[in-house]
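Asker: Every letter in the sequence shown is one number past the one before it in full-length UniProt numbering, and letter 156, counting from 1, is 156.
All residues carry an ideal CB built from backbone N, CA and C; glycine is no exception.
Predicted model, so just to flag it, every value in this text is computed and none were measured.
One structure, pasted below without further comment.
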Amino acid sequence: MANPQLHPLEINPRTGEPFLRLKDRKDIIITPPRRDDVALYVPIMNDPRIYEWLGSPPFPYTKEHAEEWYAKIKQSSDAILAELEAARESPELVLVGESPIRVIRQVKEDGEDVYVGDIGIIRCVEGKLLAPLASPVDDEHQANYVEANAALAVGDPNIIWTFGYYVVPSYHGKGIMTDVVRSLLWEWAVPRMGVRTIVGTAFEGNEGSVKVFQKNGFVKTKFIKNHIQMRGQWRNLQVLELLAQVG
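This is the structure we're talking about:
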């Protein structure tokens with residue numbers, strides 16, 4: 001019998017994995033990471049159509065980077081699934097601190113699926129994003145904002161969260177990510193993580209990501225000049241925010 005704590009996730013009878021099917025695009029699912037994904041990371045992350053819009057991954061991206069990333073996200077996914085398994089007999093759905101699913105895949109007619117992208121939702125760890133409007137953003141204050149956000153207990157509505165995502169270039173412009181964000185947010189993050197405040201970011205010029213957030217109800221709140229230096233160039237950052245209304 002499937003663990004009721006996995007709700008609203010389904011179980012893939014072929015792989016045994018939990019997954020979330022998108023609300024509109026029923027051929028798109030979000031799953032835990034798989035070992036086979038590792039071989040795909042290097043060419044994806046070295047594609048300028050991807051790395052130009054991501055601030056975190058190193059460049060050039062190596063096999064070692066891919067292995068480290070897989071180990072990190074697999075450990076996180078496994079930990080949440082173990083936590084949900086331990087709560088199997090709980091009469092109520094428990095709140096958890098992360099999502100056990102993050103890999104976006106398209107299911108083909110024969111039941112096989114292909115890698116489409118990745119989406120992670122985590123506690124915000126950037127002081128500039130956590131700083132209230134018109135508040136100090138020097139290093140000391142930024143560290144205090146991050147520490148305070150990290151100290152909040154799982155399920156606390158005051159936690160500030162953020163998204164990180166990408167879609168492989170062959171799936172750009174198909175409207176998939178709007179549905180991915182909507183589905184993960186309202187099917188898992190809000191009811192199963194207690195997410196109430198979430199920040200979205202996009203480098204200046206990435207209008208596609210801005211539109212994804214806006215279509216999901218995010219509103220622009222900040223524009224940070226010279227947010228990060230990448231390959232010798234300073235990049236500006238558009239910040240958007242959503243206050244999830246529930247009940």
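Keeping to the same chain, check which residues put their C-beta closer than 6 Å to that of I80; ignore five residues upstream and five downstream.
Answerer: Cβ neighbours of I80 beyond the five flanking positions: V96, E98 and P100.
Asker: For the alpha helix (DSSP H) holding H141, just list the boundary residues, first then last.
Answerer: Element bounds for H141: D139 to A151.
Asker: Suppose you measure from the CA of K74 to the CA of P33; what does that come to, to the nearest Å?
Answerer: The straight-line gap from Cα to Cα measures roughly 6 Å.
Asker: Count the other C-beta atoms from every protein chain shown that fall within 10 angstroms of the C-beta of A151, then say buried if there are 16 or more, exposed otherwise.
Answerer: Burial call: exposed.
Asker: For the segment 51 to 69 against the segment 122 to 130, do three or more pairs of beta-carbon atoms, one drawn from each stretch, fall closer than 8 Å, so that the two count as touching?
Answerer: The segment 51 to 69, when compared against the segment 122 to 130, does not touch it at the 8 Å Cβ threshold.
Asker: Spell out whether any CB of chain D is found under 8 Å from the CB atom of D110.
Answerer: This model lacks chain D altogether; it includes just one protein chain.
Asker: Use the C-beta contact count for P18: other C-beta atoms within 10 angstroms, 16 or more gives buried, fewer gives exposed.
Answerer: With 16 or more other Cβ atoms within 10 Å, it is buried.
Asker: To the nearest angstrom, how far is the alpha carbon of A148 from that of E10?
Answerer: Spanning the two alpha carbons is a distance of roughly 35 Å.
Asker: Mapping DSSP to helix, strand and coil, what is N113?
Answerer: What sits at residue 113 in the sequence shown is Asp, not Asn. Strand, per DSSP.
Asker: In this structure, how does DSSP classify Y87 when only helix, strand and coil are distinguished?
Answerer: This sequence places Ala at residue 87; Tyr is not what is there. Residue state, collapsed to three classes: coil.
Asker: Reducing DSSP to helix, strand and coil, say where P18 ends up.
Answerer: Three-state result, P18: strand.
Asker: Leaving out five residues on either side along the sequence, give the residues of the same chain with a beta carbon under 6 Å from the beta carbon of L22.
Answerer: Within the same chain, L22 has close Cβ partners I28, D179 and S183.
Asker: Output needed for R25: all residues of its chain with C-beta closer than 7 Å, excluding positions within five of it in sequence on either side, in chain order.
Answerer: If we look at R25 and ignore the five residues flanking it on each side, its Cβ neighbours are I176 and D179.
Asker: Any idea what DSSP makes of I30, helix, strand or coil?
Answerer: Correct three-state label for I30: strand.
Asker: According to DSSP, simplified to helix, strand and coil, what is E92?
Answerer: It is coil, neither helix nor strand.
Asker: Between I198 and F163, is the Cβ-Cβ spacing less than 8 Å?
Answerer: Cβ distance < 8 Å, so I198 and F163 count as in contact.
Asker: Determine, using beta carbons only, whether R102 and I30 come nearer to each other than 8 Å.
Answerer: It is a contact, given that the beta carbons lie within the stated cut-off.
Asker: Is DSSP giving W53 helix, strand or coil here?
Answerer: Residue state, collapsed to three classes: coil.
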